[in-house]
Amino acid sequence: MRTNPWESYTSPDLIRILSSISFVCPSLSFSRPASKRESHLPTSQVFSDLEGLPTTVKPRWLQTESEEQIEKTKAKCEITWLGHATTYLRIPSADSEGFLGVLMDPIFSKRCSPLSIGPQRRLGTVCEVKDLEEVDIVLISHDHYDHLDKQTIKDLNNHFPQANYMVPTGTKKWLVNWGVDPTQIREMTWWEDVNFTLRFSDRKISYRSEKSFAHSILKGDEEKELGVDGSRRERMTAENTLEVDLPRSDELNCSDERREGRNEEEYSPKTSISYEQGPPVGERTKTVSGKDSAEVRPGTQRLDSEIAFVQSIDYLVSDTIKPIVDLTNSTEKLLEEEGISMRLVCTPAQHASGRGMWSKNKALWCSWLMEFENCSETKRVFFAGDTGFQSTSDGPTCPIFREIRETYGNPTLSLLPIANGSVLPYLESLIPFLRIDDDVTRHVHLTPQDAVDVHREMESDLSIGVHWGTFTSSRRTQSTIKDLNDAKRLRDVNSFHVGDVGQTWEF
């Protein structure tokens, strides 16, 4: 079972749960000003803040735009909120008409539930799966029903069969059961990253680089993994152990005479490697045994001939870990075809997983960081998925957001959840007078105040609020907007925005 390793995560006890429940009189319904509802307004014109309830607008790609408007915006990245946590990122190529389409936590169904009862949309969908432009990458943050929807995945597989799915460890099985080709699903663990290129000719994804076992040692402090205390550690954690007898540095590429005193069987993969089955490569520990017994930690194995060391270690572990690229080449071959490249990092989140009590916290949950070039500058998009920041208003905060910024740089755009989203609103819908305070789920869901604090912690250039207003009542939605605007005024934040479902922002 997986856990959140930070002091900021504390499950509420019974007393706290009971104290969060109250009963209120039903409030009057809220309505939007007429000027806000005019459908002819461009959906990306300004970063204005809502004062009333959000409505639905037609996504930009379904609108009729002038050639002048198309030419003006075609080089800019666009993000479209499609309701709840579902967002669509469009990254244009600098030297062609092509673009990369990334869809995050898609749900287009009426309910986010395994049954015919459960959380239901207050706001309808602004489009169907078949109405989307191109979907090349689908990012899933965790396996909860409001973030991983069976029917939506099936529809995506039918309409965009070439799409690749990036999911946290333990989530792949669901997509395979729903018909997605296993070769198009990539499971990743915290702090694992991958570089890939989309070819416009066939819309195929080519993974351009991946670290081998030995390369993860040589990279030193750049290759780290999340430790049990929440700080970043070596790429392999202590959950499982891979024992390898490494040749001494003076024995690499040398004659047999210089290896005197060493048993040649130590160089055999079959006799020198013991491997305990467990999590993926990104969650293992490397240990060196033998004469030079020591735990391999980043920065401690520096050899005169790194290439020889890489070749030796990759040979030793060839039966267990297959290096994907030839590390003897000092430079990577870039694809000559037209395309667009991205670096994708699976980053931590403070949340949970499970599609039932039997699968609670067995799969990993995560956030995602995307890095790419656009308009001659490096841009980073952070998708938080679903996460908490602190369990109580005066308690410790989750350190992971600051660490993501310090490791990769501040995001150009952050997509941050600002409310519980579906479960609490559904419980309140069953009893109209019931009110459940957001603090009871604060350990796994950002409140509007927490979201603004995360925005500041990550020093985001721009943040968009998601995971709200879709499966929630009018009363709770209005409360979320008010709390967000209050938090922004209190913290003097002007770059955190929310909008209508279907609204597009350029950045």
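Counting in numbering that gives the first Met the number 0, the sequence shown runs from 0 upward without gaps. The C-beta atom is built at its ideal place from N, Cα and C for all residues, glycine as well. Owing to the predicted nature of the structure, the values given are computational and were not obtained by experimental measurement.
Please look up how many angstroms separate the CB atoms of Ala-383 and Thr-170, rounded, as I've assumed it's under 8 Å. About 17 Å separates the two Cβ atoms, so there is no contact after all.
Classify Asn-3: buried if its beta carbon has 16 or more other beta carbons within 10 angstroms, exposed otherwise. buried
State the start and end residues of the unbroken alpha helix (DSSP H) segment that holds Leu-99. No alpha helix (DSSP H) holds Leu-99; the beta strand (DSSP E) holding it covers 98-103.
Using the Cβ count rule (16 or more neighbours within 10 Å means buried), how would you classify Cys-397? buried
Is the distance from the Cβ of Asp-142 to the Cβ of Arg-401 below 7 Å? no
CA-CA distance, Leu-138 and Gly-394? 31 Å
Three or more beta-carbon pairs under 8 Å between the stretch 94-107 and the stretch 147-164, yes or no? yes
Can you grab the Cα-Cα spacing for the pair Ile-152 / Arg-474, in whole Å? 31 Å
Identity of the residues DSSP links to Phe-382 by a beta bridge: Trp-367, Leu-414
Candidates Val-497, Tyr-8, Arg-1: which alpha carbon is nearest Val-439's? Tyr-8
If Ala-450 sits next to Leu-415, beta carbons under 8 Å apart, how far is it from one beta carbon to the other, in whole angstroms? 5 Å
So which of Thr-79, Ala-74, Lys-75 has the shortest CA-CA distance to Thr-55? Thr-79
Three CB pairs or more closer than 8 Å across the stretch 372-388 and the stretch 191-202: no
Per DSSP, what kind of secondary structure is Tyr-407 in: helix, strand or coil? helix
Run through DSSP, which three-state label would Val-56 get? coil
Who are the Cβ neighbours of Pro-205 in its own chain at under 7 Å, not counting the five residues just before and after it? Before going further, note that residue 205 is Ser rather than Pro in the sequence given. Around Ser-205: Phe-195, Thr-196, Arg-198, Leu-334.
Alpha carbon to alpha carbon, how far is His-83 from Leu-122? 10 Å
Inter-residue Cα distance where the pair is Ile-399 and Leu-13: 28 Å
Counting only the same chain and skipping the five closest in sequence on each side, list residues whose C-beta sits under 7 Å from that of Leu-61. Cys-126, Asp-130
Grab the span of the alpha helix (DSSP H) containing Asn-484 for me, first residue to last. 473-490
Excluding the 5 residues preceding and the 5 following Gln-68 in the sequence, name in chain order all residues of the same chain whose CB lies nearer than 6 Å to its CB. none
What are the boundary residues of the beta strand (DSSP E) that Glu-186 is part of? 184-187
Leu-452, buried or exposed, once every other Cβ within 10 Å from all chains shown has been counted against 16: In the sequence on display, residue 452 carries Asp and not Leu. It counts as buried.
Rounded to a whole number of angstroms, what is the C-alpha to C-alpha distance between Cys-365 and Gly-387? 12 Å
Go through the stretch 124-180 residue by residue and report every complete run of the beta strand (DSSP E) that reaches 3 residues or more, in order. 136-138, 163-167
For Pro-113, name the three-state secondary structure that DSSP assigns. coil
How many Å lie between Pro-91 and Thr-72 at the Cα? 10 Å
Just how far apart, CA to CA, sit Glu-370 and Val-380? 7 Å
Is Gly-100 closer than 7 Å to Asp-135 when the C-beta atoms are compared? yes
Going by C-alpha to C-alpha distance, which of Glu-96, Asp-491, Asp-460 sits closest to Glu-505? Asp-460
Reference Ser-494; option with closest CA among Gly-501, Val-500, Ala-486: Ala-486
When you compare each of Ala-351, Glu-133, His-442 to Ser-549 by their alpha carbons, which one comes out closest? With the chain running from 0 to 506 in the structure shown, residue 549 is simply not present.
Cα-Cα separation between Asp-437 and Val-344, rounded to whole angstroms: 30 Å
Leaving out five residues on either side along the sequence, give the residues of the same chain with a beta carbon under 6 Å from the beta carbon of Ser-30. Because the pLDDT of Ser-30 is 39, which lies under 50, any placement of that residue in the model is unreliable, and the number read from its coordinates should be weighed accordingly. Once the five neighbours on either side are set aside, Ser-30 has no close Cβ partner at all.
Consult DSSP for Met-0 and reduce its assignment to one of helix, strand or coil. coil
Among Leu-445, Gln-119, Ile-480, nearest to Thr-469 - alpha-carbon criterion: Gln-119
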